[in-house]
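Numbering follows full-length UniProt numbering, with no gaps: position 131 of the sequence shown is 131.
One structure is given here, and the rest of the page talks about it.
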Amino acid sequence: MEKLIRKVIKIMKLKVRDMDSVPESYSSKVCSLVLENGEKVILKIPYNKKKLLKEYKMLKLLEGKLPTPRILDFWEGNDEISGALILSYIDGKPITNNIGNKIAYQMGELLARLHDINIERNELGKAYELIYTEEDKWWEIIREWFEGCIDDCKNILNTKLIDECIKLFDLYYKDLPKPDYPSIVHMDYRPGNILIKDSNIVGLLDFETVRIGSADVDFSKIKLFVWDLYPGSRKSFLLGYSNIRSLPDIERTLPFYQLFNTFTGVGWCVKRGKTNDSFCNQNIIKLEKIIKESRI
1 MEKLIRKVIK IMKLKVRDMD SVPESYSSKV CSLVLENGEK VILKIPYNKK KLLKEYKMLK
61 LLEGKLPTPR ILDFWEGNDE ISGALILSYI DGKPITNNIG NKIAYQMGEL LARLHDINIE
121 RNELGKAYEL IYTEEDKWWE IIREWFEGCI DDCKNILNTK LIDECIKLFD LYYKDLPKPD
181 YPSIVHMDYR PGNILIKDSN IVGLLDFETV RIGSADVDFS KIKLFVWDLY PGSRKSFLLG
241 YSNIRSLPDI ERTLPFYQLF NTFTGVGWCV KRGKTNDSFC NQNIIKLEKI IKESRI
């Protein structure tokens, strides 16, 4: 990783005094840099060029609307490296410990503000096909993502569990409501991508998986990483969210998204060669629990 970062630093002609790793980064390569003039910035090398383009375009569109990093420099990459972004440093730390009512409320407000921003198709430019999903295609896209992970999951899950996951997916799919659309959906809205300082939220990070789609998808990881761990946080989060916009029909869609995210999470680990990681094992355990509790 350090060799790649030093290569990008040289290509982008950055004069660096010091550098350090950034926590909670699992897909792209991210580090903080202190430049010779004392300025602190973030260097991000996305996993591929599609993620680079999506993050670049969305951060440009969100500048001044949400507490997101500003783009200071951009490199489109070459045949060897996907490219890189130099982002402004936000003075804060990822949420890693107990989430009280105040932070949960702010998390709800921040997500609602994101969902409430209107982005016109022509604003997306070259990123249009990567980000925009037609309303009547949203559930079809979700199905395609799910089915696209089946072969990967066969490398690590037994056939019985996979068949049960497919059966439960189809059962949920038949009862899905109309998408809450169109919303900017983060697709990885979780504590590790939210920065706090002095008990207040100061930043929202990581837009490389962003879509225009149905708002309810962003509640799935909140349930997993916040509501299921911190009693009382759900009520505060939903109060914060509903203070900005109406809630989507999460009662009908959350069980579906929990299955979807967990199954595709296993598939992601197989694709990236991370089957021995704790993240993969946690997803498998969660998947077995979902199937057991569904009683299909």
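We put the beta carbon where it would ideally sit given N, CA and C, even for glycine.
Practice problem: Using beta-carbon positions only, say whether L53 and R70 come within less than 8 Å of one another. | Solution: Against the sequence shown, residue 53 aligns to sequence position 53. Against the sequence shown, residue 70 aligns to sequence position 70. Inclusion of L53 and R70 in the CB contact set at 8 Å is not warranted, their separation being larger than that value.
Exercise. For N193, name the three-state secondary structure that DSSP assigns.
Key: Here residue 193 corresponds to residue number 193 of the sequence shown, with the count starting at 1. It is helical.
Self-check item: Nearest-angstrom beta carbon gap, D218 and L111 [assumed within contact, 8 Å]
Solution: Position 111 of the sequence shown, counted from the start, is the residue given in the question as residue 111. Position 218 of the sequence shown, counted from the start, is the residue given in the question as residue 218. Indeed, because the Cβ distance is near 6 Å, the residues count as touching under 8 Å.
Quiz item: In terms of alpha-carbon separation, which member of I103, E55 and L161 lies closest to K286?
Solution: Position 286 of the sequence shown holds residue 286. Comparing Cα positions, the closest option is L161.
Quiz item: For Q106 versus G240, is the C-beta distance shorter than 8 Å?
Solution: The residue labelled residue 106 in the question sits at position 106 within the sequence shown. The residue labelled residue 240 in the question sits at position 240 within the sequence shown. The answer is yes: Cβ separation under 8 Å.
Exercise. Kindly give me the distance between the Cβ atoms of M19 and S32, rounded to whole angstroms, as I take these residues to be in contact under 8 Å.
Key: Walking along the sequence shown from the start, residue 19 turns up at place 19. Walking along the sequence shown from the start, residue 32 turns up at place 32. Sure, about 7 Å apart at Cβ, within 8 Å.
Quiz item: Do the stretch 168-180 and the stretch 68-85 touch if we need at least three Cβ pairs shorter than 8 Å?
Solution: With a cut-off of 8 Å, the stretch 68-85 and the stretch 168-180 do not count as touching, because too few Cβ pairs lie within range.
Self-check item: Boundaries (first-last residue) of the beta strand (DSSP E) holding W75
Solution: Within the sequence shown, residue 75 is the residue found at index 75, counting from 1. Counting along the chain, the beta strand (DSSP E) containing W75 begins and ends at I71 to W75.
Practice problem: Would you check if the stretch 278-294 and the stretch 192-201 touch, i.e. whether three or more CB-CB distances between them fall below 8 Å? | Solution: Touching, no, given that fewer than three Cβ pairs across the two stretches are closer than 8 Å.
Self-check item: Exposure of S21, with buried meaning 16 or more beta-carbon neighbours within 10 Å
Solution: Indexing the sequence shown from 1 puts residue 21 at position 21. The residue is exposed, with fewer than 16 neighbouring Cβ atoms inside 10 Å.
Practice problem: Determine the closest residue to E36 out of K51, Y47 and V16, with distance taken between C-alpha atoms. | Solution: Here residue 36 refers to the residue found at position 36 of the sequence shown. Ranking the options by Cα distance to E36, first place goes to V16.
Quiz item: So which of E288, E63, L59 and K235 has the shortest CA-CA distance to T209?
Solution: Locating residue 209 in the sequence shown gives position 209, where the first residue counts as 1. Among E288, E63, L59 and K235, the Cα nearest to that of T209 belongs to L59.
Quiz item: In three-state DSSP terms, what is N101?
Solution: Position 101 of the sequence shown, counted from the first residue, corresponds to residue 101. Here N101 sits in helix by DSSP.
Quiz prompt | Closest residue to I117 among G64, N261 and L205 (Cα-Cα distance) | solution = Position 117 of the sequence shown, counted from the first residue, corresponds to residue 117. Nearest of G64, N261 and L205 to I117, Cα basis: G64.
Quiz item: How big is the Cα-Cα spacing for G213 and L72?
Solution: Residue mapping note: residue 213 aligns to position 213 of the sequence shown, counting from 1. Residue mapping note: residue 72 aligns to position 72 of the sequence shown, counting from 1. About 28 Å.
Quiz item: Are there 16 or more other CB atoms within 10 angstroms of the CB of Y189, so buried, or fewer, so exposed?
Solution: Residue mapping note: residue 189 aligns to position 189 of the sequence shown, counting from 1. Buried, because 16 or more other Cβ atoms sit within 10 Å of the Cβ of Y189.
Quiz item: Skipping 5 residues on each side, what residues in its chain have a beta carbon closer than 6 Å to that of I95?
Solution: The residue labelled residue 95 in the question sits at position 95 within the sequence shown. Here I95 has P191, I194 and I196 as same chain residues with Cβ atoms under 6 Å from its own Cβ, once five neighbours each way along the sequence are excluded.
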